[in-house]
Every structure is written in structure tokens, then in C-alpha cells.
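Visitor: Protein chains in written order, with the UniProt record's numbering: chain A, 1 to 342; chain B, 1 to 342; chain C, 1 to 342; chain D, 1 to 342. C-beta: ideal position from N, C-alpha, C; glycine also. Since the structure is predicted, the reported quantities are computational estimates derived from the model, not experimental observations.
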């Protein structure tokens, strides 16, 4: 019997990507589609790339509209998920694509989001140690941020193997869809095409504490992250360049071995052959993560680079992957590692 | 039992797209992958977006390598297919993604390609009148050019209904992948980004006689096509703006009605609701065709616009669609109308 | 003594481009900068590419702010210029970058803009027959639309020489800056990158009557224009593909000769050598117009293609060129034909 | 009397940019234009954005062709400049846009370039301490690499003020023109559009020792640089994100003060107001450098970001700036800080 899934926030980029993936998921039946200002509109006018759903009309995001589903995906602005989630029964699998339930430390939440902490849900990055066990059978899942997904997967092998000092430096480039459909002047096509620019510099980006939380857990000690996000002239994709000083005795061989071991059994994380580097185009529309790592013997740093599609593995694909685990399905059901390139 | 498919020219864009689609095709098993200068290389180095085939090594394109398959897809430079095809048995389904067997008139071939005509195979644009019948059970298929696909589907409804005068004017924009992986200065990223430019102006583009052939057949009389292709700063997609003078008595309503009728039962051709216009982003990576049409009462012209993905519906998706028909499978098997957007 | 120029609407793309050009103009001193919602802001925050003006603060657009200048450039939304202009003295040169005073026929204005017609000013496309004489000493100038600039210059030589039938077909691609800084969903970078789409199809785009007006004047008889604009994934540039049926007896040679004659003495209009085609990248940031023309002997059409920078020759550069003529300066003062490429 | 300037390598991107700037230089007369495989071609076919030089024909790069000029700009592939330079008289100002004469340490050259070291010329980054004095009256100038220009200007203020530990981490994104016009598959438009990818990871990029040389000189002690370049989907621009651990006692205020002091009198280096961040679009085609800096109190790092146009300030503009100093002209002659945006 099909799993019935509702999507709240179906007009946005995260919601649209969730629908794209769910349409290809063999166990899923798509139920209610809801929106806020877009309620009453045809989905075909909002998401013209999804013809099978073109004639569906968005409902208001209410507890009534979302009732009667096995799974509810919340693709809402940050801070809105808690109020909706508490109206949904404990037997419904609620998957939050927003930030509300990612952080464990209420002080971190309050510092970065400026509102009371709503709680902490099992974290939907199955590749992290212990994550799959926490997701199995869970009825609540917090989907990671797109940057923390790329960065945690790039650096976790180094920290898990004790190869890196506990101060990481990350510079990541993101496509503009990571900023959503909000109408802001700096997101206009005329502004972003042909331009690279940073934002949230100096540790103020909200994804910083999430990276710190993940990498500290893997390292078993506090890790700091100097994180600089940049906006790149492309619609999709994150390229994260992550480095940390190598601990004494580290060699190119020990680094390679640690990454090979960490990625060996992961269905979506691909350590590339030596000499080949990640490119966001190669994971366009796919749930795959491309990773490569180098050891710089002069600067004595481990440099790991990862490429993901921010909307797929970084958002909706990660959500479906975790949903599969929670529901007891094969983790890869309905998800592909094949990108659309060139 | 799976259909075993070989791909000759697996290192190029058309070959890569064919593999992307075949990997998702439930009835297909991918057999030999061959190349020319790329023989001996790992596919993962050439097509990094296809991880399930990353460790496959390309063979030389020979009759031996291509033997023993149910289907052979030829994604070779123009003029190279005939020599390969004649070495393949009559019981093998040979699908040519090149131009060699598209034109019926040897004089057209010689004028536009400057070499002897190799012959004519059943034409793989199932939406044209009579095309499906010719493809059923066929062992040879000529896949249409990308521009002729977009243009023929946009204008055929008008000519089929007798609404348009027999002089069509077409201006089409194509993504750069339509020009293939050839190393030419004008295809460098530095040259194409931020720039639009025409080429092959004045009726000299090789896809012109193919459009003329298709539209004349539909109209039942000779149709001329003034065709101007332009190169657009994007990797994929064709937007074809096609117009013709309306015959006396034509109205907006009669135009709309003709298009609704023509598109009604087509699984891949979507006439958009009035007021919504095609966008190549909406068909990115999909086999869908978006069409819209307007009647200009002042200029007295019918203006039809179509959007396709040049590599999918315009090349490899069209090939798979025709392959399905030839093999007696459901025409839509393994093909999606869902685009990857934004 | 310097010419003192005020710019109303200095926060938008047209206003910013005007400032970029005026900063390089040896006879100009930049006076008041005004805005509407942006009044009170530093120009450096709105136009970060203009460091010499970074610390200037925008004033409200009022008659007082604009008083005391030799020239006032109005870069306002359509329909707003008349109210401002009538408060400026007859001795002030007022140059309207908006549409308000372009059309001669009030019925055309009312049909396409839906408001009362404000009047007609000398038309700032000096390359059209008679235009320079009307601009010399004029105190009011209507700057042409960006599309009409590209299209009129491409087709005027054919109509002036009596080579073309009076039904033109135009398909033009424009960069997104042509749509201005308005916050509309379809102008977001995520939507426009990687996509081509048409709009205003079927003769409804507001620039249509302006093209008709220009080409009919050149031809000496009514000319219809089937105009389809498309949005291209680039910030700047217009590529206009324009064609018309050739009159009997026209040859490739007669077409070439007509274009050579028409472009021979124009400082900004460059007919390219045969075999070379326009590219918008080549005129990026420049006031040049690249033109090429072909005669298609099968479709019997003249196909002319032009490339301009929509913000420079298509808007602010055209304004400065006409300002120079009106002020009795050399027409090319402060303007360059050199593009920024690649 | 005009300064007569020859450009060797006029067909490439660096040579073309040099010509663009020299055409606008009031003291310069452009002399011989030479090329290698492009000798004999019209410049208009190779650099269509430079109409004033369109009919010039490239000569072979020989001592004869380059004789009789006051200045010779060498825009040649790395390793080719020495042989040409030694044939030019000591009274000619020779400016090398290649790498040949940048490094002081022959061992660095041999390690990174694999050939014998040709020597060291005065270094054309006037903003570095002592650089202007070395350039005044010099007859030989080594123009810095594009990445070292962006990185050295971003970090020099921190090292000059003794604020930063001596291990820098740099991730920089470059437009594709930085890779030149070489016909390589990964530089095709189809490959670069929509994609970000790194290269030369782990300290192997040839610009690394140049950054080390510059920053160590400023710091007065050896500085290591972990440098990761990435290729961005745009034609022009470098965005360099540079960080280093702060020395004890450093505060946001002391960092700001150091950068304000360092940038105060520089005509081309603009420290942006607090809260505003660099964007490559803002310096498109200009010789300006946008810089912003933040202090991250949690990661305890100074993060400085710079944006330049890699072809202008990063190559040809830097060359003209240094030429002006060497010739005793005002340093800013013929150079603009105004970008072409949006």
C-alpha cells in the first residue's frame, strides 16, 4: 500500500524538489499540497516542470489539509514548522526541511535565530555516525541544512580518523536556489549572473553552529568552524572547500585511506579517483555527493572538497533518504546518483 | 529478458545522455560502450555524472564490439554511421542519432552535407502523422535533429489544420551542448557566457531541409522555412519561435482549437494553458515538449513557440521513445516529463 | 564650462548606466541624483560599481531637486515622465529614457499603455533619416526603446533601399537588465539562468508600435512587424533576428550594397565583414551596433541580425548620443565603440 | 609625444584586454600587434569587441616586429617571454604579463614550472610596500598573477599590521578567462555553465609561491598559504576569500583600523563600508579592487575578501598601472575604477 505524503510549502524550491523526487518514488502517493500566499493557484503555474501535478490546486497550510497522511514534509520558512508539527499526530512521520529542530543547544538556536528553541529531532544525515539508528522508526526528522550537509560529509572522515586539528576553515559556493524564491534585489538574475559575492562572513551564518555540532560530535571534542558562504552564478549546486591543519604524523596515504574507508559503503557518497575533482554539474539533480581530498605537505593541511546539489542531497533528497530509513524502506528507494549533465 | 543496448560514441554529449536515460530504463541492460579517441578511458573520467558506469572502459567502435546486442545506438559524427550500420545484422535495431539517414531527397543531402547520400530510414519523430506506424517493428531508425524536433512539433498542428501559409519563419535559440564536445574557440565558456549570437544564417544550416521535409509532408504541399539558429548562454535547451502567415478566416479560436486537438493525446507534447509560455528550464532533462501558440491579428501571423531539452527529446530521449515503439514497449517506458528546475 | 546633468531615477539600471557613461563624459558635471523609494540612501549601496559617486546620497525626485541643471535625464517608470517634465523649464534639455513621448499616434499609446497620451518629442535614434536634424538644438528628446533601437537599425537599410516587402518578422533575445530592477519571480537568478523563454507574444509587446512607426517612416508605407521578445540568461545585450520577404529582383549583392551604403558613415553602426556574425558579448558596455545581413535565396528573405547592449546603445548610450547632438557637441563625445569582452 | 606600445600575444584574452585599455589611454599610440598561430589574421576576427583595431593584421612575434617601440607588452604563454625580452633593448620598457620573472627564488620557479629560472624583475603590484619605488623608471616589469593580486591585496593589511598568524588559508573563485583561450574540454561552455569545481588543490597551483613571496615580505617572516582555486561559471572576476588566525589581543576594531589605514591612499583599492561585501560584478572591466574584512570572534580568525576583474586589475590593468609609474605618468592614467554592471 502506498505511503501517502503531503507537502506543506509546495510552491517553493524545496517543496518543488520534494515533489520532483516523490513523483519518481515507487512507494509514494502524493497527497495534499499546501501553500501560504500561493493557496488557490494551480501548481502548473508555480512549478511548470512538474506536468503530472500541473492541475493540482494548492490548499492553505492547515492541520485539516495535512491530516490523513502517513508522511508530512514541511518546507516552510524557518520558525514556522513547530506550530504546524504540534498539530500533527505522533503516528505521522513529520519531516522538517527547515532549521527549527536541527540544533541541540537552545543557546545556539537563540543566538543565531533570535527566537525560543522549539526542540531537537533526529538529524537526517544518515552518513554521520549513529544517525541511521536514530532515524529508524522515528516519527520526527530534522533535515540538515544544505551547507552543513556538504561540509559535514567532506570533513567527517578526517575527524573520525583523528587526522585533523579542531579548527576547520570552510569556504563554500552555492547556487542561488539555496536562497529560495524570496524576492530580494541581490537575487535578481541581472545581479547574480557573472558575479561571485560572499555573505554572512565572520561566523554569522546560521549554518555555522550546525557544522560545529556535527563535526564536534564526530571528533569527540569541540571543533570550531570558520565558515564563509558565497553566492555563485548558477541555479543549483554547492561546492564546499574545507580544510584543517593535519595532526602530526599525517601523510597523504593516511588521509586517502581514511576517506576510502569512510566512503566505502555509502550509497550516495563517492570518493573520486585520485586526480579527479568534484564538480557541481556532475551531481545536478542527483542525490550523490562527490568528494575528493588532498594533503598539502607545505601548508600541512588536509583539504577536502565536496559537491552536492543543494536542493537534492542538500534538502529534498536528504529528506527522502531519511524518510526511507524511518519507514523501513531501502534507503536508496526513489533516489538516483545520476546527474543531469552537461 | 532485458533488452541489451550498445552505445557507440559514449564519450560525447549525445552518448552520455543516452546512457543517462538507459540507466533509468527498466527493460534495458547496457552493453558495450565504444568510442574513438576516447577508447581505453574510464567512463567516469569522461562522464562523471554517471557513477553506476564509472568503472566501465570504452572500447574501440568496431563491428566486433557492437556485436551481440539487441539495439545499437550510434552517436557518431555526421557521415560515420553508414559504415558502421552496414556491418550490423538486419535483426539488430540500429538507431542513428546522427543525420545520415534523415533526409529522403539525395539532392538535399548532397547540397547540405557534401557527400553521397547513404539512404533513408524510418524517421523517429513519433508525433508526426504516420510516423508511429513506420517505427513499429522497424530495425532502423533515424533520430531527428534537435532543431527539427522543436520546430516540427511547434508548426505541425498549424499545417495539419490548413491554417498557415506555406512560408515559415523560424528563429531558435540553443544551448551549447547542441554543438557537441568539439574543441572550437567560439564554444569556450568565456565566449558563450553572457552572449547571444547567430550562426548558419540565410538558410544554410543543415537542419533546414529536414524541417522543410517534415512540414511539407504535414501540409501536403511544399513549405519553405527561413531558419536562423542562435547560440544561447546555457548548456541545454532549445526555444523555437516559429511563425507563418495565417490563411484567410483564421481566428485565435481556430488556432487554439487546432493545437488542442493535435496535442490532446500526445504523452510528451504539452500545450500550455493560455497565458503561460514555454521555458527551457521547465523541460531540463525531461522528454517533454512545451508548446504555446498565439494569433497576432495585426501582423496576421500564427506564432508558435516550443521548448525542449535538445539532448533529451531533441536527441537521446527521442531515440529511446522511438526504440520503445520499435520494440513494442510502451512508448513512455523509462522516459519522464518531469524537468529538473529551477 | 561643464554641462550640468541631473539624473532622476539614479537607483535603477538605466539610471546607473547613464551615470557610468556621464562619469566618462569630458564635458559633463554630474548634478542631482534623485530616486523614489531609494531617496536617502548612499549611491554606493545601490550602484556599487560607481565608486566616484559612492558617497552621494539620493534626493527625492522633485522639481526643486532637478532645478538648476542644463540637462535632466529621466529614468523613471513608464508614465511618470510627463508630470516631472512639465515642471522643468523650456530652456532645460529634458531627455526621457521612458516610453512616454516616443509614439506619434495617440491611439497607439492608448492601446498599448492604457493611459492618455502625453505627447511626442524628437526621437533619439540619430541613425534614422531626418533624426539628427530634429535633435539639433532640441530641448526635449524621447530615447527609443531598446528593442526598437536594435530592430530599426537592422531593418532600416533594407526598407530605405526598397528591397523588402512590408511585413517584417522579428525575434529578439534580451538580457534580464532590460526588465529593470523590479522584484518579479520570473526575474530571479534561479529562474533565468539556464533558461530561454518568450513573453509578450502575438504582437502585444509595447515596443511593437514603435518599430512599426520607425520602419513605416523609412519605407514610406505601412509596415507590419510580428515581434516576439525572449528573455535570455545573461545580464545585458539584445540580439535581434529580423527578416522580411525580398522584393522581386533582389540579390545577395544588392542587399549587401544597401547595407554598406547605409552603415558607411555611421560612427556606431558596424556592418561586419561577410562571414562574421554579431555577438552581444562584443558590444558589452559599448555604444556600438553590430549588424550582419544575409539573403536566403530559397525562402527568398532578407535576414538581418543586430547586436547591441540594451543598457548602452539601447538606453543610456543612445541618450548621451542624442544629448551630444542637441547640445552641439561631437556626437561621439564620451561614448565608446569598444566592448568589454570576453 | 605619444608613447608607442607594441603588444605581443594580441590574439589572447590578456592581449585583448591590454588593447582595450590602451585604446582608452590618452598618452599611448598602439604599435605592432603580434601573434603566433594567429599571425596574418585580422584582429577584428579575433577580438571583435575592438572595432578601432578591426582592420589591423597580426604579425609574427619577432624582434623585428617589436622593434622601435617605447613599450613592449608580452602576453605570451609562460616560459616564452625571456627569449623575446633579451632581444629587446635596455631602453625599451618590457612588461611581462606571464609568470617568467615574478619569483625571486629559482628553486620555487623550478619546482612549480619545471624549467630553468629566467630571472626576477621589479614586481608590478604597486600597492605592496616598496613596490612603487622599484617600478619608477624601471625598464622591466613582471606583472603579478591574477590570484596573487587578489590575495596579496586582501591579506597584506593584516600582515603589515602584525595582526595575523603566519598560516593563511585562501579559497578563490575565478572566471574562465583566467584559463585563457586554450581549447581544453573542461573549459567548454557546456561544461562550465552551471558548475563550480576546484583544481590545483593541495598547494600545487603555480600561483602559490607568488602569494607566499608577497605575504612573507609584508609579514617579515615566512608565511604559508593553503591555496585552493575554483572555476566559476562566469567569464571574468576573481573572488578571493582569505583568512588567518588572529594574533592574541586582536579585536574587530583593530582589524578595521588596520585595513582603513592600508587602503586610505590607494587609488584602486576600496575598503567597502562595514556591512557591504565585494562582488565581482561591481569591478567588471575596471581596475578597482573591492575589499572587506571581518573578525570572527569564535573561530578567532580574520577573514578578508577581495574582488577584482582578473583580466583588468589582475592582468592588463595592473600592467598599465605599473607602466604609468615606470614612465613617470600619473598612476591612474587611462584606468578606471568604474565597473560595467549589472
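So, are the CB atoms of residue 320 of chain B and residue 21 of chain B less than 7 Å apart?
Guide: Position 320 of the second chain, counting from 1, holds the residue named residue 320 of chain B. Position 21 of the second chain, counting from 1, holds the residue named residue 21 of chain B. In contact: residue 320 of chain B and residue 21 of chain B (Cβ atoms closer than 7 Å).
Visitor: Under three-state DSSP, which class holds residue 179 of chain B?
Guide: To locate residue 179 of chain B, count along the second chain from 1; it is residue 179. Residue 179 of chain B falls in the helix class under three-state DSSP.
Visitor: Under 8 Å by Cβ, that's how I've got residue 286 of chain A and residue 312 of chain A pegged, so tell me the actual separation to the nearest angstrom.
Guide: The residue labelled residue 286 of chain A in the question sits at position 286 within the first chain. The residue labelled residue 312 of chain A in the question sits at position 312 within the first chain. Right, their Cβ atoms sit about 6 Å apart.
Visitor: Alpha carbon to alpha carbon, what distance is there between residue 16 of chain B and residue 190 of chain D?
Guide: The count along the fourth chain starts at 1 and reaches residue 190 of chain D at position 190. The count along the second chain starts at 1 and reaches residue 16 of chain B at position 16. Between residue 190 of chain D and residue 16 of chain B, the C-alpha separation is close to 13 Å.
Visitor: Give me the Cα-Cα distance between residue 144 of chain D and residue 39 of chain B, rounded to the nearest whole angstrom.
Guide: Residue 144 of chain D sits at position 144 when you count from the first residue of the fourth chain. Residue 39 of chain B sits at position 39 when you count from the first residue of the second chain. Those two C-alpha atoms are separated by around 41 Å.
Visitor: Taking a Cβ distance cut-off of 7 Å, strictly less, list which residues of the stretch 307–338 of chain C are near chain D, in chain order.
Guide: Listed by position along the chain: 337 and 338.
Visitor: Please identify the residue among A:30, A:125, A:322 and A:338 whose C-alpha is closest to the C-alpha of residue 331 of chain A.
Guide: For this step, residue 331 of chain A is matched to residue 331 along the first chain. The shortest Cα separation from residue 331 of chain A among A:30, A:125, A:322 and A:338 belongs to A:322.
Visitor: Leaving out the 5 sequence neighbours to the left and right, which residues in its chain are closer than 8 Å to residue 247 of chain D when beta-carbon positions are compared?
Guide: Numbered from 1 along the fourth chain, position 247 holds the residue referred to as residue 247 of chain D. Result list for residue 247 of chain D: 162, 163, 164 and 165, in chain order.
Visitor: Using the DSSP secondary-structure output, state which residues sit across from residue 29 of chain C in a beta bridge.
Guide: Looking up residue 29 of chain C in the third chain gives position 29. DSSP, once it has assigned bridges, lists C:4 as partnering residue 29 of chain C.
Visitor: Quick check on residue 295 of chain A: does DSSP put it in helix, strand or coil?
Guide: One-based indexing of the first chain puts residue 295 of chain A at position 295. If DSSP states are grouped into helix, strand and coil, residue 295 of chain A belongs with the strands.
Visitor: Assuming residue 10 of chain B and residue 35 of chain B form a contact by the criterion Cβ under 8 Å, report the distance between their Cβ atoms to the nearest whole angstrom.
Guide: Indexing the second chain from 1 puts residue 10 of chain B at position 10. Indexing the second chain from 1 puts residue 35 of chain B at position 35. Between residue 35 of chain B and residue 10 of chain B the Cβ distance is about 6 Å, and since that is below 8 Å, they are a contact.
Visitor: Got a sec? Which residues, its chain only, sit under 8 Å from residue 128 of chain C by beta carbon, not counting five neighbours each side?
Guide: Counting from one through the third chain, the residue named residue 128 of chain C turns up at place 128. Excluding sequence neighbours, residue 128 of chain C sits near 152, 156, 214, 217 and 218.
Visitor: Report yes if the CB atom of residue 281 of chain A is closer than 7 Å to the CB atom of residue 194 of chain D, and no otherwise.
Guide: The sequence position of residue 281 of chain A within the first chain is 281, counting from 1. The sequence position of residue 194 of chain D within the fourth chain is 194, counting from 1. Contact: yes.
Visitor: So who's on the other strand from residue 96 of chain B, going by DSSP bridges?
Guide: The residue you call residue 96 of chain B lines up with position 96 of the second chain. DSSP output for residue 96 of chain B lists B:74 and B:142 as bridge partner(s).
Visitor: Check the Cβ of residue 343 of chain C against every Cβ in chain B and list those closer than 8 Å, keeping chain order.
Guide: Outside the displayed range of chain C (1 to 342) lies residue 343 of chain C, so it cannot be described from this structure.
Visitor: Restricting to Cα atoms, I'd like to know which of A:119, A:86 and A:88 is closest to residue 99 of chain A.
Guide: As a working mapping, residue 99 of chain A is identified with position 99 in the first chain. Per the Cα distances, A:119.
Visitor: Counting only C-beta atoms, is residue 280 of chain D closer than 7 Å to chain B at any point?
Guide: Looking up residue 280 of chain D in the fourth chain gives position 280. Judged by the 7 Å Cβ criterion, residue 280 of chain D is not in contact with chain B.
Visitor: Listed from N- to C-terminal order along the chain, which residues in the UniProt domain "Semialdehyde dehydrogenase NAD-binding" (4–136) of chain B have their beta-carbon within a distance smaller than 8 Å of any beta-carbon of chain E?
Guide: The structure shown contains no chain E; its protein chains are A, B, C and D.
Visitor: What does the alpha-carbon distance come out to for the pair residue 324 of chain D and residue 333 of chain D?
Guide: Within the fourth chain, the letter at position 324 stands for residue 324 of chain D. Within the fourth chain, the letter at position 333 stands for residue 333 of chain D. Cα to Cα, the separation comes out at about 7 Å.
Visitor: Around the Cβ of residue 84 of chain D, are there at least 16 other Cβ atoms within 10 angstroms (buried) or fewer (exposed)?
Guide: Taking the first residue of the fourth chain as 1, we reach residue 84 of chain D at position 84. Buried, by the Cβ-count rule.
Visitor: Confirm, please, whether the CB-CB distance from residue 148 of chain C to residue 135 of chain C is below 7 Å.
Guide: Within the third chain, numbered from 1, the residue matching residue 135 of chain C stands at position 135. Within the third chain, numbered from 1, the residue matching residue 148 of chain C stands at position 148. Result no, Cβ atoms of residue 135 of chain C and residue 148 of chain C do not sit closer than 7 Å.
Visitor: Just checking my contact of residue 45 of chain D with residue 28 of chain D at CB under 8 Å: how many whole Å lie between their CB atoms?
Guide: Start at 1 with the first residue of the fourth chain, and residue 45 of chain D comes out as number 45. Start at 1 with the first residue of the fourth chain, and residue 28 of chain D comes out as number 28. Actually they are not in contact, since the Cβ atoms of residue 45 of chain D and residue 28 of chain D sit about 24 Å apart, beyond 8 Å.
Visitor: Would a check of beta-carbon distances place residue 186 of chain B closer than 7 Å to chain A?
Guide: Along the second chain, one-based indexing puts residue 186 of chain B at 186. No, because no Cβ of chain A sits closer than 7 Å to the Cβ of residue 186 of chain B.
Visitor: Name the residue from B:173, B:6 and B:69 whose alpha carbon lies nearest to the alpha carbon of residue 192 of chain B.
Guide: For the purposes of this step, residue 192 of chain B is identified with residue 192 of the second chain, where counting begins at 1. The shortest C-alpha separation from residue 192 of chain B is found at B:173.
Visitor: Taking 7 Å as the CB-CB cut-off, is residue 192 of chain A touching chain C?
Guide: For this step, residue 192 of chain A is matched to residue 192 along the first chain. So, interface residue.
Visitor: What whole-angstrom Cβ distance do residue 353 of chain A and residue 115 of chain A have, given they're in contact under 8 Å?
Guide: As displayed, chain A neither begins before 1 nor continues past 342, which places residue 353 of chain A out of reach and without an answer.
Visitor: Let me check understanding here. Comparing Cα to Cα, which of B:220, B:8, B:266 and B:299 lies closest to residue 291 of chain B?
Guide: To locate residue 291 of chain B, count along the second chain from 1; it is residue 291. Measuring from the Cα of residue 291 of chain B, the nearest candidate turns out to be B:266.
Visitor: Looking only at its own chain, which residues have a Cβ that is under 7 Å from the Cβ of residue 232 of chain B, when we skip the five neighbours before and after it?
Guide: The count along the second chain starts at 1 and reaches residue 232 of chain B at position 232. Around residue 232 of chain B: 173, 174, 175 and 196.
Visitor: Going by beta carbon distance, what residues of the same chain come within less than 7 Å of residue 205 of chain C, once the five residues before and after it are set aside?
Guide: For this step, residue 205 of chain C is matched to residue 205 along the third chain. Answer for residue 205 of chain C: 227 and 229, listed in chain order.
Visitor: Within the 7 Å Cβ cut-off, does residue 267 of chain C reach chain D?
Guide: Against the third chain, residue 267 of chain C aligns to sequence position 267. Not closer than 7 Å to any Cβ of chain D, the Cβ of residue 267 of chain C fails to qualify, so no.
Visitor: For residue 298 of chain C, would you say it is in contact with chain B, using Cβ-to-Cβ distances shorter than 7 Å as the test?
Guide: Translated into positions along the third chain, residue 298 of chain C becomes position 298. Yes, residue 298 of chain C counts as interfacial toward chain B.
Visitor: Starting from the C-beta of residue 158 of chain C, find all residues in its chain whose C-beta is less than 6 Å away, skip the five residues before and the five after it, and write them out in chain order.
Guide: Reading the third chain from its first residue, position 158 is the one you call residue 158 of chain C. Result list for residue 158 of chain C: 164 and 302, in chain order.
Visitor: Which class does residue 275 of chain B belong to by DSSP, given the choice of helix, strand or coil?
Guide: Mapped onto the second chain, residue 275 of chain B falls at position 275. The answer is coil: DSSP assigns residue 275 of chain B none of H, G, I, E or B.
Visitor: Count the other C-beta atoms from every protein chain shown that fall within 10 angstroms of the C-beta of residue 366 of chain B, then say buried if there are 16 or more, exposed otherwise.
Guide: Limits of chain B in this structure are 1 at one end and 342 at the other, which puts residue 366 of chain B out of reach.
Visitor: Given a threshold of 16 other Cβ atoms within 10 Å of its Cβ, counted over all protein chains shown, does residue 170 of chain B qualify as buried or as exposed?
Guide: Translated into the one-based positions of the second chain, residue 170 of chain B becomes position 170. When all chains shown are included, residue 170 of chain B counts as buried.
Visitor: Scan the stretch 189–244 of chain D and note each continuous beta strand (DSSP E) run of 3 residues or more that stays entirely inside, going in chain order.
Guide: Fully enclosed beta strand (DSSP E) runs of 3 or longer: 224–231.
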